[in-house]
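Participant:
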Amino acid sequence: GAVVSQHPSWVICKSGTSVKIECRSLDFQATTMFWYRQFPKQSLMLMATSNEGSKATYEQGVEKDKFLINHASLTLSTLTVTSAHPEDSSFYICSARWDRDSSPLHFGNGTRLTVT
Amino acid sequence: AQSVTQLDSQVPVFEEAPVELRCNYSSSVSVYLFWYVQYPNQGLQLLLKYLSGSTLVKGINGFEAEFNKSQTSFHLRKPSVHISDTAEYFCAVSDHPRAGGSYIPTFGRGTSLIVHP
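Chains A and B supply the protein sequences, listed in that same order. Just so you know, our numbering puts 48 at position 48 of the first sequence, and the rest follows in order with no gaps. Just so you know, our numbering puts 213 at position 97 of the second sequence, and the rest follows in order with no gaps.
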């Protein structure tokens, strides 16, 4: 149980284009979803927290207009990297949690984004 | 504010040997503690969690961890490792939120467990 599906698993795009990453909780309702960015050999950097039906809460230093997060339903959140640049190349991971804050996070398998 | 320290960035060990991955946290209140494992190019998978009750927690793949409140530690152990345990391990802590807030877990920098044949 508690499966989170993240698509695509990898994507290559040209500089200036936008890329959308989907995160779905397949067998539970995710009241909260988290988006992380991970650099090679480093820990996870929290980008934003989103609750269904409300605006995402972004961490300090994360550009809201560049990393658009939508949490339209209890099972789907999307991250859109707008006007991507090579420095946006990274591993992006989503995670979802159901109603209790003591619940562990369930992670997607991540998306490797390469901007050329 | 909570913080998590994983002092060992890399732990090499031979197959079938025991291993301990250290995790210390700083928080002035009660916490929830988690260990996750990440295999290359994948997301994180929950190994085990401590919410309350018994301080010795058993998880998947033969791992266990012990919560020590006085030492603010939550070290991960396995009595005999396999080659397949080679991965990155992350400790995470969530402490009780401020009024109206949400638990947002903080992750340690990770420990790379390398199991040699």
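Positions of the beta carbon are idealized from the N, C-alpha and C atoms, including for glycine.
Going by beta carbon distance, what residues of the same chain come within less than 7 Å of residue 14 of chain A, once the five residues before and after it are set aside?
Facilitator: Indexing the first sequence from 1 puts residue 14 of chain A at position 14. 116, listed in sequence order.
Participant: Just how far apart, CA to CA, sit residue 223 of chain B and residue 208 of chain B?
Facilitator: Indexing the second sequence from 1 puts residue 223 of chain B at position 107. Indexing the second sequence from 1 puts residue 208 of chain B at position 92. Their Cα atoms are separated by approximately 4 Å.
Participant: Determine the closest residue to residue 143 of chain B out of B:185, B:229, B:225, with distance taken between C-alpha atoms.
Facilitator: Against the second sequence, residue 143 of chain B aligns to sequence position 27. Residue B:185 is the option with its Cα nearest to residue 143 of chain B.
Participant: In the DSSP assignment, the beta strand (DSSP E) including residue 211 of chain B goes from what residue to what residue?
Facilitator: What you label residue 211 of chain B is simply residue 95 of the second sequence in a count that begins at 1. Note, residue 211 of chain B: beta strand (DSSP E), 203-211.
Participant: Can you look up residue 86 of chain A in the DSSP assignment and give me helix, strand or coil?
Facilitator: One-based indexing of the first sequence puts residue 86 of chain A at position 86. If DSSP states are grouped into helix, strand and coil, residue 86 of chain A belongs with the helices.
Participant: For residue 225 of chain B, go through chain A and note every residue whose CB falls closer than 8 Å to its CB, in chain order.
Facilitator: Numbered from 1 along the second sequence, position 109 holds the residue referred to as residue 225 of chain B. Simply 42, 43.
Participant: Run the CB neighbour count on residue 130 of chain A, radius 10 Å, all protein chains shown included, and call it buried at 16 or more, exposed below.
Facilitator: Since the first residue of chain A shown is 1 and the last is 116, residue 130 of chain A is not available in this structure.
Participant: For residue 23 of chain A, tell me which candidate among A:73, A:39, A:64 has the shortest Cα-Cα distance.
Facilitator: Counted from its first residue, the first sequence places residue 23 of chain A at position 23. Checking every option, the nearest Cα to that of residue 23 of chain A belongs to A:73.
Participant: Quick one: which chain A residues come within Cβ less than 7 Å of residue 150 of chain B?
Facilitator: In the second sequence, residue 150 of chain B corresponds to position 34, counting from 1. Neighbours of residue 150 of chain B on chain A, chain order: 104.
Participant: Could you tell me whether the Cβ of residue 158 of chain B comes closer than 8 Å to any Cβ of chain A?
Facilitator: Numbered from 1 along the second sequence, position 42 holds the residue referred to as residue 158 of chain B. It does: the Cβ of residue 158 of chain B has a partner Cβ on chain A nearer than 8 Å.
Participant: With 8 Å set as the bound, which would you pick, yes or no: does the beta-carbon of residue 174 of chain B sit closer than that to a beta-carbon of chain A?
Facilitator: Position 58 of the second sequence, counting from 1, holds the residue named residue 174 of chain B. So no, residue 174 of chain B is outside the interface.
Participant: Are residue 127 of chain B and residue 227 of chain B touching if we call contact CB-CB under 8 Å?
Facilitator: Reading the second sequence from its first residue, position 11 is the one you call residue 127 of chain B. Reading the second sequence from its first residue, position 111 is the one you call residue 227 of chain B. In contact: residue 127 of chain B and residue 227 of chain B (Cβ atoms closer than 8 Å).
Participant: By the criterion of Cβ-Cβ separation under 7 Å, what are the contact partners of residue 192 of chain B in chain A?
Facilitator: Start at 1 with the first residue of the second sequence, and residue 192 of chain B comes out as number 76. The contacting residues do not exist; residue 192 of chain B stays about 15 Å from chain A at best.
Participant: Look up residue 70 of chain A in the DSSP assignment and give the residues it is bridged to.
Facilitator: What you label residue 70 of chain A is simply residue 70 of the first sequence in a count that begins at 1. BP columns for residue 70 of chain A point to A:78.
Participant: Going along the chain, which residues of its own chain have a beta-carbon closer than 7 Å to the beta-carbon of residue 20 of chain A, five neighbours each way excluded?
Facilitator: Residue numbering aside, residue 20 of chain A sits at position 20 when the first sequence is read from its first letter. Excluding residues within five positions, the ones whose Cβ falls inside 7 Å are 78, 80.
Participant: Taking the Cβ atom as the reference point for each residue, do residue 135 of chain B and residue 197 of chain B lie within a distance shorter than 8 Å?
Facilitator: Looking up residue 135 of chain B in the second sequence gives position 19. Looking up residue 197 of chain B in the second sequence gives position 81. Yes, they are a contact pair.
Participant: Alpha carbon to alpha carbon, what distance is there between residue 130 of chain B and residue 214 of chain B?
Facilitator: Taking the first residue of the second sequence as position 1, residue 214 of chain B is located at position 98. Taking the first residue of the second sequence as position 1, residue 130 of chain B is located at position 14. Low confidence applies here, because residue 214 of chain B scores a pLDDT of 47, under 50, leaving its location unreliable; read the following figure in that light. Whole-angstrom Cα-Cα distance: 44 Å.
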